[in-house]
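J.: Take a look at the following structure, please.
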Amino acid sequence: MATLIRSKISNKISNAANTVSNKSQAKVSGMFARMGFQAATDEEALGFAACDDLDYDHRQGLQMDILKTDEVGGEGGGDLGDGTIEGDSHYQRDGTGPPPSSSKDGGICDELGGQDKPKITAWEAGWNVTNAIQGMFVLGLPYAILHGGYLGLFLIIFAAVVCCYTGKILIACLYEENEDGELVRVRDSYVDIANACCAPRFPSLGGRVVNVAQIIELVMTCILYVVVSGNLMYNSFPSLPVSQKSWAIIATAALLPCAFLKNLKAVSKFSLLCTLAHFVINVLVIAYCLSRARDWAWDKVKFYIDVKKFPISIGIIVFSYTSQIFLPSLEGNMQKPSEFHCMMNWTHIAACVLKGLFALVAYLTWADETKEVITDNLPSTIRAVVNLFLVSKALLSYPLPFFAAVEVLEKSLFQDGGRAVFPDCYGGDGRLKAWGLSLRCGLVVFTLLMAIYVPHFALLMGLTGSLTGAGLCFLLPSLFHLKLLWRKLLWHQVFFDVAIFVIGGICSISGFIHSMEGLIEAYKYNIQD
1041 MATLIRSKIS
1051 NKISNAANTV
1061 SNKSQAKVSG
1071 MFARMGFQAA
1081 TDEEALGFAA
1091 CDDLDYDHRQ
1101 GLQMDILKTD
1111 EVGGEGGGDL
1121 GDGTIEGDSH
1131 YQRDGTGPPP
1141 SSSKDGGICD
1151 ELGGQDKPKI
1161 TAWEAGWNVT
1171 NAIQGMFVLG
1181 LPYAILHGGY
1191 LGLFLIIFAA
1201 VVCCYTGKIL
1211 IACLYEENED
1221 GELVRVRDSY
1231 VDIANACCAP
1241 RFPSLGGRVV
1251 NVAQIIELVM
1261 TCILYVVVSG
1271 NLMYNSFPSL
1281 PVSQKSWAII
1291 ATAALLPCAF
1301 LKNLKAVSKF
1311 SLLCTLAHFV
1321 INVLVIAYCL
1331 SRARDWAWDK
1341 VKFYIDVKKF
1351 PISIGIIVFS
1361 YTSQIFLPSL
1371 EGNMQKPSEF
1381 HCMMNWTHIA
1391 ACVLKGLFAL
1401 VAYLTWADET
1411 KEVITDNLPS
1421 TIRAVVNLFL
1431 VSKALLSYPL
1441 PFFAAVEVLE
1451 KSLFQDGGRA
1461 VFPDCYGGDG
1471 RLKAWGLSLR
1481 CGLVVFTLLM
1491 AIYVPHFALL
1501 MGLTGSLTGA
1511 GLCFLLPSLF
1521 HLKLLWRKLL
1531 WHQVFFDVAI
1541 FVIGGICSIS
1551 GFIHSMEGLI
1561 EAYKYNIQD
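Counting in my numbering, the sequence shown runs from 1041 upward without gaps.
Below you can see the structure in the form of structure tokens.
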């Protein structure tokens, strides 16, 4: 009798222990699921996406796809004894640890680890944003004032405010509230946001649209670098029997080694030097303009606009503020993401003040004689020196957008798993195959051909700003914000988003039409010559 009692007590204790163990495992698994880890079981089909190291050395960015699981036997992915996991069916990352991920070639992606990869401060993030919106394309802003007057100055301020706001709401689309009401980062890139907006009917359509817009902007940026190099060299040495097209060919010949780039480590070393050189050039231009302050043509700055050319100026100004495409990666790599809004405020305020002063002072100095690239107005004694620095900066800046465009093309056409259009462009030893090298060389040649046949810096810049700049900075962020978070938005936020979408759409369409008309007229003029 005593033995039977002891055996029953032992069985009950064992069953209770197993139940507690199962429930503990369920709770721990659910907790890890919320922290960014998923347990790989036979019941769960986990798809770990490879990390996208696009332009990592320059932007210090990261991209990950959302992990999806099949719900089996419970909301979190299966029964464990008497308890069920209450985890989320989507991958969530809050920066507490690295998720398990494998790269497309089967190796572990080292860049993903949030603990292994160094985080950047708000000042470093602000430096990256400043480099993006304070680049050499500000040289075209005085030309925008030429056709817009005071309205052009207002547009510089308006574009800064709108781009700062859309950058913030784009980051807001990366987060969702969990069961505890806390904001958790559930997306990691612009593409993730676009795909989430188009799901479930077209889960990959939004990402494709964003990728196409990104490729267009990157390639057009490369073309602009070649155009401005040929323009600056031609105006620096007008006595030489070398045309602008010939200078563009010479510049492209110097850029051919970009086709063999495997990473940006070598190029990124010159990033700080280029930025400092550009800062010195801006100071020299402003100093020369201030030396002629007595002759400033204040009467030339009016409130009228050139209806035909002002829409082009809108594209120029918008293009000078484009930075949204890499903001999700930048915010994800900040030590304190809570400082992102403050960083966006002071970087865009500084950009607005500096761009406005630079554009106004330069236009007051040369008035109606203001050229597409303002350094062409400088006296010949200092123009050659300044332009040579600018050409060096342009040539050293070319590999950054070129490499980013190549990465997007290779991943979508050659390395997209079973959905790739062409075979992998890299061999088993990591060497670039013939068709991969042909793609890169073809892209360099394409930028040269565009620079030769359309050698108009302002028109190309206006076209790019109207087409992709307005789309990525105005239209898509406001649309995504309304789509993903409309239930939580206040009435004034909805009003702002709708207003930005409408204004951005009007500016984009009008700027694109007038830029295309200008390019067609210029092309016809070149053919007649």
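Backbone N, C-alpha and C fix where the C-beta goes; we use that ideal spot for every residue, glycine too.
Report the residue ranges of all alpha helix (DSSP H) runs contained in full by the segment 1283 to 1336; include only those spanning at least 4 residues, in chain order.
T.: For the segment 1283 to 1336, whole alpha helix (DSSP H) runs of length 4 or above, ordered along the chain, are 1284 to 1295, 1305 to 1308, 1311 to 1331.
J.: Mapping the DSSP letters down to three states, classify Tyr1215 as helix, strand or coil.
T.: Against the sequence shown, residue 1215 aligns to sequence position 175. It is a strand residue.
J.: Give the DSSP bridge partners of Val1484, in chain order.
T.: Taking the first residue of the sequence shown as 1, we reach residue 1484 at position 444. In the DSSP output, where bridge partners are listed per residue, Val1484 has none listed.
J.: Hey, would you say Ile1356 sits closer than 7 Å to Gly1502, going by beta carbons?
T.: Counting from one through the sequence shown, the residue named residue 1356 turns up at place 316. Counting from one through the sequence shown, the residue named residue 1502 turns up at place 462. Taking 7 Å as the Cβ cut-off, Ile1356 and Gly1502 qualify as a contacting pair.
J.: According to DSSP, is Ile1148 helix, strand or coil?
T.: Against the sequence shown, residue 1148 aligns to sequence position 108. A caution first: Ile1148 carries a pLDDT of 29, below 50, which makes its placement in the model unreliable, though a value can still be read off. If DSSP states are grouped into helix, strand and coil, Ile1148 belongs with the strands.
J.: My output table needs one value for Ile1345: the three-state DSSP class, helix, strand or coil.
T.: Looking up residue 1345 in the sequence shown gives position 305. Ile1345 falls in the coil class under three-state DSSP.
J.: Among all the DSSP beta bridges, which residues are the ones paired with Arg1589?
T.: In this structure the chain extends from 1041 to 1569, so residue 1589 is not present and cannot be described.
J.: Please return the same chain residues whose Cβ sits closer than 8 Å to the Cβ of Arg1099, not counting the five positions on each side in sequence.
T.: By 1-based counting over the sequence shown, the position of residue 1099 is 59. Its pLDDT being 37, under 50, Arg1099 is placed unreliably in this model, and the value from its coordinates should be taken loosely. Asn1168, Phe1366, Ser1369, Leu1370.
J.: Buried or exposed: which applies to Arg1133, given that a residue is buried once 16 or more other Cβ atoms fall within 10 Å of its Cβ?
T.: Indexing the sequence shown from 1 puts residue 1133 at position 93. Any reading at Arg1133 needs caution, since the residue's pLDDT is 31, under 50, leaving its predicted position unreliable; the model's value is listed next. Buried, since its Cβ has 16 or more Cβ neighbours within 10 Å.
J.: If you reduce the DSSP assignment to three classes, tell me which class Arg1227 lands in.
T.: The count along the sequence shown starts at 1 and reaches residue 1227 at position 187. Coil.
J.: Starting from Trp1386, trace the alpha helix (DSSP H) in both directions and tell me its first and last residue.
T.: Along the sequence shown, one-based indexing puts residue 1386 at 346. First-last of the alpha helix (DSSP H) with Trp1386: 1380 to 1406.
J.: List the endpoints of the continuous alpha helix (DSSP H) containing Trp1338.
T.: For the purposes of this step, residue 1338 is taken as residue 298 along the sequence shown, with counting starting at 1. Trp1338 -> no alpha helix (DSSP H), and no H or E assigned at all.
J.: Should Tyr1438 go down as buried or exposed, given a rule of 16 or more other Cβ atoms within 10 Å for buried?
T.: As a position in the sequence shown, residue 1438 is number 398, starting the count at 1. It is buried - the Cβ of Tyr1438 has at least 16 other Cβ atoms within 10 Å.
J.: For Val1341, which option in His1318, Phe1552, Tyr1403 has the closest C-alpha, if you only look at C-alpha atoms?
T.: To locate residue 1341, count along the sequence shown from 1; it is residue 301. Val1341 has its Cα closest to that of Tyr1403, out of His1318, Phe1552, Tyr1403.
J.: Pull up the DSSP beta-bridge partners for Met1374, would you.
T.: As a working note, residue 1374 is residue 334 in the sequence shown. Bridge partners of Met1374: Ile1160.
J.: Buried or exposed for Gly1123, going by 16 or more other Cβ atoms inside 10 Å?
T.: Against the sequence shown, residue 1123 aligns to sequence position 83. With a pLDDT of 37 at Gly1123, under the threshold of 50, the predicted position of this residue should be treated as unreliable, and no value is reported.
J.: Three or more C-beta pairs under 8 Å: does that hold for the segment 1476 to 1492 against the segment 1190 to 1208?
T.: The segment 1476 to 1492 vs the segment 1190 to 1208: no contact.
J.: Could you give the residue range of the alpha helix (DSSP H) that holds Gln1254?
T.: On the sequence shown, position 214 is the one that residue 1254 refers to. Here the alpha helix (DSSP H) through Gln1254 covers 1245 to 1276.
J.: Return the residue from the list Ile1233, Gln1375, Val1202, Gly1221 that minimises the CA-CA distance to Ile1211.
T.: In the sequence shown, the residue the question calls residue 1211 occupies position 171. It is Ile1233.
J.: In three-state DSSP terms, what is Gln1174?
T.: Position 134 of the sequence shown, counting from 1, holds the residue named residue 1174. Gln1174: coil per DSSP, three-state reduction.
J.: By the 10 Å Cβ neighbour count, where 16 or more other Cβ atoms means buried, how is Lys1349 classified, buried or exposed?
T.: Numbered from 1 along the sequence shown, position 309 holds the residue referred to as residue 1349. When all chains shown are included, Lys1349 counts as buried.
J.: Give the straight-line distance between the Cα atoms of Cys1329 and Gly1396, rounded to the nearest whole angstrom.
T.: Within the sequence shown, the letter at position 289 stands for residue 1329. Within the sequence shown, the letter at position 356 stands for residue 1396. Straight-line Cα distance between these residues: approximately 14 Å.
J.: Out of Leu1516, Ser1506, Ile1540, Lys1528, which has the shortest C-alpha to C-alpha gap to Met1260?
T.: Position 220 of the sequence shown holds residue 1260. Answer by Cα proximity: Ser1506.
J.: Please report the distance separating the alpha-carbon of Val1485 from that of Leu1296.
T.: In the sequence shown, counting from the first residue as 1, residue 1485 sits at position 445. In the sequence shown, counting from the first residue as 1, residue 1296 sits at position 256. Answer to the nearest angstrom: the Cα atoms are 9 Å apart.
J.: Do Thr1487 and Val1266 count as a contact pair if the criterion is CB distance below 7 Å?
T.: Position 226 of the sequence shown holds residue 1266. Position 447 of the sequence shown holds residue 1487. For Val1266 and Thr1487, yes; Cβs fall inside 7 Å.
J.: Output the boundary residues of the alpha helix (DSSP H) element that contains Ile1356.
T.: The count along the sequence shown starts at 1 and reaches residue 1356 at position 316. Segment 1350 to 1359, the alpha helix (DSSP H) holding Ile1356.
J.: Apart from the five residues just before and just after His1594, which ones in its own chain have a Cβ nearer than 8 Å to its Cβ?
T.: The first residue shown for the chain is 1041 and the last is 1569, placing residue 1594 beyond what the model contains.
J.: Using the Cα positions of Thr1504 and Leu1181, report the straight-line distance between them to the nearest angstrom.
T.: Within the sequence shown, the letter at position 464 stands for residue 1504. Within the sequence shown, the letter at position 141 stands for residue 1181. Going by the C-alpha atoms only, they are around 15 Å apart.
J.: Specify the secondary structure class of Phe1454 as computed by DSSP and reduced to three states.
T.: Residue numbering aside, residue 1454 sits at position 414 when the sequence shown is read from its first letter. Phe1454 falls in the coil class under three-state DSSP.
J.: Any idea what DSSP makes of Asp1220, helix, strand or coil?
T.: Within the sequence shown, the letter at position 180 stands for residue 1220. Here Asp1220 sits in coil by DSSP.
J.: Quick check on the DSSP output: what are the complete alpha helix (DSSP H) runs of length 4 or more inside the segment 1183 to 1217, in order along the chain?
T.: Counting whole runs of 4 or more residues, the segment 1183 to 1217 contains the alpha helix (DSSP H) stretches 1190 to 1212.
J.: Return the CA-CA distance between Lys1411 and Ile1185, expressed in angstroms with no decimal places.
T.: The residue you call residue 1411 lines up with position 371 of the sequence shown. The residue you call residue 1185 lines up with position 145 of the sequence shown. Going by the C-alpha atoms only, they are around 11 Å apart.
J.: Excluding five sequence neighbours on each side, which residues of the same chain lie with their C-beta closer than 6 Å to the C-beta of Thr1405?
T.: Taking the first residue of the sequence shown as position 1, residue 1405 is located at position 365. Cys1329, Arg1332, listed in sequence order.
J.: In angstroms with no decimal places, state the Cα-to-Cα distance between Gly1545 and Gly1551.
T.: Against the sequence shown, residue 1545 aligns to sequence position 505. Against the sequence shown, residue 1551 aligns to sequence position 511. So the alpha carbons of these two residues sit roughly 10 Å apart.
J.: Starting from the Cα of Phe1359, find the closest Cα among Ala1162, Glu1219, Ile1256 and give me that residue.
T.: Mapped onto the sequence shown, residue 1359 falls at position 319. Comparing Cα positions, the closest option is Ile1256.
J.: Can you grab the Cα-Cα spacing for the pair Leu1280 / Tyr1493, in whole Å?
T.: As a working mapping, residue 1280 is identified with position 240 in the sequence shown. As a working mapping, residue 1493 is identified with position 453 in the sequence shown. Taking the straight line joining both Cα atoms gives about 21 Å.
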